[in-house]
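Written below as structure tokens is the structure these notes are about.
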DNA sequence: GGCGATATACTCAAAACTGAGTATTCAAAC
DNA sequence: GTTTGAATACTCAGTTTTGAGTATATCGCC
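Protein chains in written order, with this note's numbering: chain A, 1125 to 1315; chain B, 1125 to 1315.
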């Protein structure tokens, strides 16, 4: 039942009651580096949290602006938040990266082509790192742990690409058409 | 349209035609450390790949065993695989970890309780690392890049927990009830 | 005072995903 | 010879997620 997303919404509403748009803006603008939640999903989840009694909505009318619903957390919601948070922190969920399926099949490409792709990837990682580092500056110290987490994984990703680039370069056919040191696996670098 | 999972299935069927159960067993047993694909999802995707012409199914009958469908990739499927692989490798998708929402709110817990949870998490990470290291031994060298990737991220996760544990320990109230060095953010350790 | 751009606040049908269930065969234990 | 349990091979109804669309108000500019 998508407990993690519920945890996110409860955590945000707990800090401050909000209406849908506000919530979505916050997630899109402040958390886009580590969270991807579609607006329609947010509305769906808000509705579900309501039906399940974890948050309540209150219709707000100001002058003749379009009415909007303000969501605030209930005691049951607060309890669920506490539960989910403890659960989530104490359990380590091994990382499943569906977006990284490509690395499973990378070794099937000719080294020269793989290298070109890996270099592109490397550039993308560096660009992303710039963005995240920039965020670091104007953040309350209480939130740095999240960015820290993100940066550590970014560095891991970078190390991996660099290692693989080095290995694939070594396997590149030389001018006389023979591969150099074809049997040093990438893994040799670790441990 | 869930391109990553399609990439996975195409990649596996490309190497060897299989029937559904075989495919599922392989994913569950050989790839469970980095892939989480439900069996029903696999069947759904196989069906969809068929409808879209990327794989073909062939009903196989042997004696009086229940009939089963053997799936094999088509030329269009092979082309799609090549496309998706190149796309996937060259693009860096910033990691969105819905399973790690907890770390966003960790700082709202009292340090003592957070510490207990973080230690549990640390144990879970170590256990997982053992499992992955064990896999390393009996794997063809062509596949080590995947495990390498996984281990690097595991180490990143471990570094993060250790850093946070150190920080939260420092913030623990001392016997005279006063927090120690309450203003050193976890972030100070990096850079 | 009218026109387009932008902010606000969703709705909805379609697609994707999941958990639980169904059905058959086979081998071993009782 | 029959119950039992595991392996095989899915199906399906329900839930979750998404992309595209709807609709009103406000603001600046001509």
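For glycine and all other residues, C-beta sits at the position ideal for the given N, C-alpha and C. This structure is a prediction, so every number in the text was calculated from the model and none was measured.
Check whether residue i and residue j have beta carbons under 7 Å apart
i, j, result
"residue 1197(A)", "residue 1183(A)", "no"
"residue 1227(A)", "residue 1274(B)", "no"
"residue 1280(B)", "residue 1294(A)", "no"
"residue 1170(A)", "residue 1145(A)", "no"
"residue 1229(A)", "residue 1201(B)", "no"
"residue 1160(A)", "residue 1157(B)", "no"
"residue 1283(B)", "residue 1276(A)", "yes"
"residue 1292(B)", "residue 1238(B)", "yes"
"residue 1214(B)", "residue 1233(A)", "no"
"residue 1148(A)", "residue 1129(A)", "no"
"residue 1181(A)", "residue 1217(B)", "no"
"residue 1210(B)", "residue 1143(B)", "no"
"residue 1263(A)", "residue 1225(B)", "no"
Buried versus exposed, by CB contacts within 10 Å (16 or more), residue i
i, result
"residue 1207(A)", "exposed"
"residue 1336(B)", "The question about residue 1336(B) has no answer, for chain B in this structure spans 1125 to 1315."
"residue 1177(B)", "exposed"
"residue 1287(B)", "buried"
"residue 1126(B)", "exposed"
"residue 1137(A)", "buried"
"residue 1243(B)", "exposed"
"residue 1165(B)", "exposed"
"residue 1268(A)", "buried"
"residue 1173(B)", "buried"
"residue 1296(B)", "exposed"
"residue 1199(A)", "exposed"
Endpoints, the beta strand (DSSP E) within which residue i is located
i, result
"residue 1184(B)", "1179-1184"
"residue 1195(B)", "1192-1197"
is_contact[residue i, chain A] using C-beta, thresh 7 Å
i, result
"residue 1212(B)", "yes"
"residue 1207(B)", "no"
"residue 1298(B)", "no"
"residue 1201(B)", "no"
"residue 1244(B)", "yes"
"residue 1270(B)", "yes"
"residue 1276(B)", "yes"
"residue 1228(B)", "yes"
"residue 1217(B)", "yes"
"residue 1273(B)", "yes"
"residue 1252(B)", "yes"
"residue 1262(B)", "no"
"residue 1280(B)", "yes"
Residue range of the alpha helix (DSSP H) that includes residue i
i, result
"residue 1127(B)", "1127-1139"
"residue 1160(A)", "Careful: residue 1160(A) lies outside any alpha helix (DSSP H) and carries neither H nor E."
"residue 1272(B)", "1268-1294"
"residue 1215(B)", "Run containing residue 1215(B): none; DSSP gives neither H nor E here."
"residue 1257(B)", "1235-1261"
"residue 1229(A)", "1226-1229"
C-beta neighbour in chain B for residue i, strict 7 Å
i, result
"residue 1142(A)", "no"
"residue 1248(A)", "yes"
"residue 1235(A)", "no"
"residue 1197(A)", "no"
"residue 1290(A)", "no"
"residue 1177(A)", "no"
"residue 1134(A)", "no"
"residue 1222(A)", "yes"
"residue 1131(A)", "yes"
Check: residue i C-beta below 6 Å from any heavy atom of the ligand GTP
i, result
"residue 1167(A)", "For the structure depicted, the ligand GTP is absent and the ligand set is empty, with no information on it obtainable."
Check: Is the region 1254-1270 of chain A in contact with the region 1250-1261 of chain B, if contact means three or more CB pairs nearer than 8 Å?
Finding: no
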